[in-house]
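Working notes for the structure below.
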Ligand SMILES: Cc1cc2nc3c(=O)[nH]c(=O)nc-3n(C[C@H](O)[C@H](O)[C@H](O)COP(=O)(O)OP(=O)(O)OC[C@H]3O[C@@H](n4cnc5c(N)ncnc54)[C@H](O)[C@@H]3O)c2cc1C
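Chains as they are written, first to last, in the working numbering: chain F, 272 to 668; chain B, 3 to 375.
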């Protein structure tokens with residue numbers, strides 16, 4: 272990509288702003304209540320409403336579903352600078368992401384780095400078109416934090432692999448079309464050296480799922496079972512038995528996403544919500560303890576945002592930000608968990624409503640429960656702190 | 003604007019690092035302290051002038067470099083790493099900012115060149131109580147004819163002893179604040195000094211019916227609060243840059259200790275209880291770096307939300323430096339509380355830096371007020 276001059280970039284900003292204003296429906300510029308408000312794509316696509324459909328299709332035509340991928344994969348071919356501008360403008364207007372997709376945030380980066388050109392041409396355009404809903408098959412009942420201890424087996428049967436085993440906590444496995452999966456292909460090698468990265472069609476014979484109900488009342492994730500599932504060999508990504516390298520690379524992207532890197536939807540500031548709910552005296556929040564807690568949260572939220580920007584700016588100058596994904600994951604999720612805890616304090620009994628005729632009233636208590644998973648999914652906070660201490664601080668093992 | 007240093011700023015930081023490592027290592031801090039709490043080394047100060055650091059934030063009109071606060075912040079950070087003692091903060095950040103933003107051309111022409119070339123020093127006299135409270139100045143400046151009479155008592159004047167003059171904040175009978183440049187030799191001034199925890203010397207100055215010519219007033223009537231607010235923002239931000247240097251150094255020494263010290267036949271850095279605490283400090287320090295550069299850029303870009311940025315920086319750095327220096331001492335074990343190693347210096351300097359120009363509580367409260375809650 273040629274670098275654009277400052278005035279070209281300014282033009283791009285103005286055009287982008289205008290285009291977004293003209294094409295993003297008003298209801299798609301409101302904050303999402305929960306992840307169910309997003310369009311998820313996939314074979315059995317269903318839009319929640321007309322505006323969601325319009326927004327997705329406009330962005331699809333514009334090739335801005337994944338604006339920064341190469342055009343040959345259906346991306347928009349934007350440079351880093353242009354993409355930054357687009358993100359900034361979307362944030363400014365509060366535009367929702369047109370689609371929520373693990374294909375974009377997790378699998379895509381891994382395919383870009385490790386897949387053959389043939390595999391890229393096969394899978395990436397489906398992602399940019401929103402046609403494949405991908406889920407993640409990493410965790411197993413006995414392999415959570417100790418992910419490399421996974422036991423799901425893939426045997427070489429000549430032209431295919433035969434898969435047996437089970438995964439757990441597979442988010443949206445019951446809705447997804449495909450799963451990117453870590454499987455054991457060598458039981459004799461040290462545990463990190465016998466893992467491979469395999470793509471499996473969820474409609475393959477022998478794949479089944481069972482939803483798990485969460486404390487939020489929802490069941491977005493499942494147990495996933497593989498019972499003599501045949502997977503063509505061309506679905507192996509990268510080198511046999513070197514899947515751990517891919518797994519870790521993908522996790523850095525997952526962790527950045529969970530940590531809030533690249534978010535465009537705007538969250539309301541807590542003190543504004545406090546203003547609607549709580550007593551003020553002499554222009555300040557009357558509850559001094561809550562006021563302090565809100566200020567601390569606000570301080571760290573806004574400095575964390577600056578930090579995402581700083582580290583991304585440094586990455587553009589060639590500084591390797593890879594290990595910092597654990598920092599983003601740890602800090603971003605701890606902030607979100609404390610934010611939800613505070614929101615619950617600010618909204619009092621209203622924030623605790625579980626069942627009600629008013630659907631909107633039930634959202635917050637459920638989101639509060641959901642937030643407790645943030646510091647677990649994608650590797651727990653303790654695991655992230657371990658990575659920071661070993662990879663960044665070089666503390667001994 | 004990208005939150006990174008540009009090439010020139012990077013070069014300045016590197017040269018400050020090199021120069022200070024060579025000419026002002028922490029051992030110099032120890033030597034000065036042991037030499038009856040000497041305030042700074044005059045030769046070093048002269049070399050700092052020659053490095054151009056005293057000219058960074060002055061406009062070209064006065065032969066300054068107009069290089070900006072991001073640059074000066076890098077120097078402050080490098081000085082923080084070694085606890086370098088020099089009147090850069092008092093005479094350049096505080097008095098210099100006051101003069102640059104002063105409406106009084108005569109004072110500017112007289113003083114800015116002298117501050118830049120180090121032949122003269124000014125100190126800034128604001129605090130009156132044991133805490134930062136810029137909205138309750140009690141010192142008065144009463145006008146008669148073309149003269150003000152100054153009455154009051156100022157505390158915690160940094161590098162006050164030996165300064166050629168003071169910039170004094172006082173309430174005028176015109177209804178707002180006045181900032182006055184008072185000659186140190188003026189009649190009616192008495193000074194005592196105290197050494198604080200950080201081995202720094204701070205002056206307490208009594209102004210007893212001190213007469214000052216109206217031409218010594220920095221601000222136009224009505225602009226005193228704004229000028230003072232700007233000086234205090236600049237001070238909080240530059241001090242935060244210095245604190246960032248102290249934090250990264252104290253943390254670096256602590257991580258190095260975790261890597262080498264052995265107990266129970268293992269290096270103590272293998273213990274997860276310590277690893278996780280160190281990792282949490284790392285995260286907080288990442289936040290500190292961001293808010294410091296953002297706030298320094300805010301000074302250079304004249305950001306509209308500079309009040310907020312200053313309070314965010316000083317609150318965050320104040321909170322983090324307390325945490326980091328406490329953890330640093332604890333993780334050093336017994337040796338950490340001895341005077342033989344340097345880690346305690348950082349802890350002691352931190353406690354003073356935390357209080358100067360508003361502590362964590364002050365700035366967190368100010369941040370909330372600025373956001374109207
Ligand atoms: C909302 C949600 C969505 C998820 N989605 C998916 C998905 O789509 N796909 C998928 O594959 N997985 C998914 N997961 C699984 C997730 O990755 C695991 O739950 C996580 O890695 C932790 O594993 P575990 O649950 O087995 O806990 P454990 O590993 O058993 O951990 C229990 C506790 O022990 C601590 N602990 C463990 N080891 C150490 C250690 N060495 N040092 C210190 N403390 C330690 C942990 O931090 C934790 O506090 C999801 C989880 C959640 C909550």
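For every residue, glycine included, the Cβ atom is placed at its ideal position computed from N, Cα and C. If you're wondering where the values come from, they're calculated on a predicted model, not measured in any experiment.
{"Asked": "Got a sec? Which residues, its chain only, sit under 8 Å from residue 380 of chain F by beta carbon, not counting five neighbours each side?", "Found": "520, 521 and 524"}
{"Asked": "Any chance the CB of residue 42 of chain B is under 7 Å from a heavy atom of ligand 1?", "Found": "no"}
{"Asked": "Check the Cβ-Cβ distances between residue 589 of chain F and every residue of chain B, and say whether any is below 8 Å.", "Found": "no"}
{"Asked": "Please specify which runs of the alpha helix (DSSP H), each continuous and at least 4 residues long, are wholly inside the segment 58-109 of chain B, giving them in chain order.", "Found": "71-84 and 97-102"}
{"Asked": "For residue 600 of chain F, does the three-state DSSP call read helix, strand or coil?", "Found": "helix"}
{"Asked": "Are the CB atoms of residue 320 of chain F and residue 339 of chain F within a distance shorter than 8 Å?", "Found": "no"}
{"Asked": "Any chance the segment 647-660 of chain F sits against the segment 306-321 of chain B, with 3 or more Cβ pairs inside 8 Å?", "Found": "no"}
{"Asked": "Compare the C-alpha of residue 368 of chain F against each of F:562, F:446, F:595 and F:306 and name the closest.", "Found": "F:306"}
{"Asked": "Let me make sure I understand the geometry here. Which of F:478, F:404 and F:400 has the alpha-carbon closest to that of residue 436 of chain F?", "Found": "F:478"}
{"Asked": "Report, in whole angstroms, the separation of the C-beta atoms of residue 181 of chain B and residue 197 of chain B, which I expect to be a contact under 8 Å.", "Found": "Actually they are not in contact, since the Cβ atoms of residue 181 of chain B and residue 197 of chain B sit about 27 Å apart, beyond 8 Å."}
{"Asked": "Between the beta-carbon of residue 616 of chain F and the beta-carbon of residue 664 of chain F, is there less than 8 Å?", "Found": "no"}
{"Asked": "According to the Cβ coordinates, are residue 5 of chain B and residue 242 of chain B closer than 8 Å?", "Found": "no"}
{"Asked": "Can you tell which of B:141, B:290 and B:116 has the C-alpha that lies nearest to the C-alpha of residue 318 of chain B?", "Found": "B:290"}
{"Asked": "Is the Cβ-Cβ distance between residue 167 of chain B and residue 193 of chain B less than 8 Å?", "Found": "no"}
{"Asked": "Would you check if the segment 648-657 of chain F and the segment 595-609 of chain F touch, i.e. whether three or more CB-CB distances between them fall below 8 Å?", "Found": "yes"}
{"Asked": "Using CA atoms only, rank isn't needed, just tell me which of B:53, B:30, B:73 and B:20 is closest to residue 294 of chain B.", "Found": "B:73"}
{"Asked": "What first and last residue would you give for the beta strand (DSSP E) that runs through residue 349 of chain B?", "Found": "Not the beta strand (DSSP E): residue 349 of chain B falls in the alpha helix (DSSP H), residues 345-357."}
{"Asked": "How would you label residue 337 of chain B, buried or exposed, when you count the other beta carbons within 10 angstroms and need 16 or more for buried?", "Found": "exposed"}
{"Asked": "In three-state terms, what does DSSP make of residue 327 of chain B?", "Found": "helix"}
{"Asked": "Can you look up residue 265 of chain B in the DSSP assignment and give me helix, strand or coil?", "Found": "strand"}
{"Asked": "From the DSSP output, in three-state form, read off residue 503 of chain F for me.", "Found": "strand"}
{"Asked": "What residues from the segment 102-121 of chain B come within 8 Å of chain C, judged by C-beta to C-beta, listed N to C?", "Found": "Included in the structure are the protein chains F and B, with no chain C among them."}
{"Asked": "If you measure from the CB of residue 407 of chain F, is any heavy atom of ligand 1 nearer than 7 Å?", "Found": "yes"}
{"Asked": "Under 8 Å, CB to CB, which of the residues in the segment 566-585 of chain F have a partner in chain B?", "Found": "566, 567, 569, 570, 571, 573, 574, 575, 577, 578, 580, 581, 582, 584 and 585"}
{"Asked": "Mark residue 332 of chain F as exposed unless 16 or more other C-beta atoms lie within 10 angstroms of its C-beta, in which case mark it buried.", "Found": "exposed"}
{"Asked": "Who are the neighbours of residue 556 of chain F on chain B, taking C-beta pairs under 9 Å?", "Found": "370 and 375"}
{"Asked": "Taking only runs of the alpha helix (DSSP H) that begin and end inside the segment 292-337 of chain F, which ones reach a length of at least 4 residues, in chain order?", "Found": "321-333"}
{"Asked": "Check whether the segment 30-40 of chain B touches the segment 73-92 of chain B, counting contact only when three or more Cβ pairs, one atom from each stretch, lie closer than 8 Å.", "Found": "yes"}
{"Asked": "Please work out which residues of its chain come closer than 6 Å, Cβ to Cβ, to residue 335 of chain F, disregarding the five sequence neighbours upstream and downstream, and give them in chain order.", "Found": "347"}
{"Asked": "Suppose you measure from the CA of residue 141 of chain B to the CA of residue 285 of chain F; what does that come to, to the nearest Å?", "Found": "53 Å"}
{"Asked": "Can you list, in chain order, the residues of its chain with a C-beta nearer than 7 Å to that of residue 215 of chain B? Leave out the 5 residues immediately preceding and following it.", "Found": "148 and 149"}
{"Asked": "Step through the CB atoms of chain F and report whether any lies within less than 8 Å of the CB of residue 366 of chain B.", "Found": "yes"}
{"Asked": "Would you be able to state if there are at least three C-beta pairs under 8 Å between the segment 474-489 of chain F and the segment 528-538 of chain F?", "Found": "no"}
{"Asked": "Expressed to the nearest angstrom, what Euclidean distance is found between the alpha-carbon atoms of residue 93 of chain B and residue 117 of chain B?", "Found": "7 Å"}
{"Asked": "With a floor of 4 residues, list each alpha helix (DSSP H) that falls wholly inside the segment 15-46 of chain B, ordered by position along the chain.", "Found": "28-36"}
{"Asked": "Any heavy atom of ligand 1 within a distance shorter than 7 Å of the CB on residue 440 of chain F?", "Found": "yes"}
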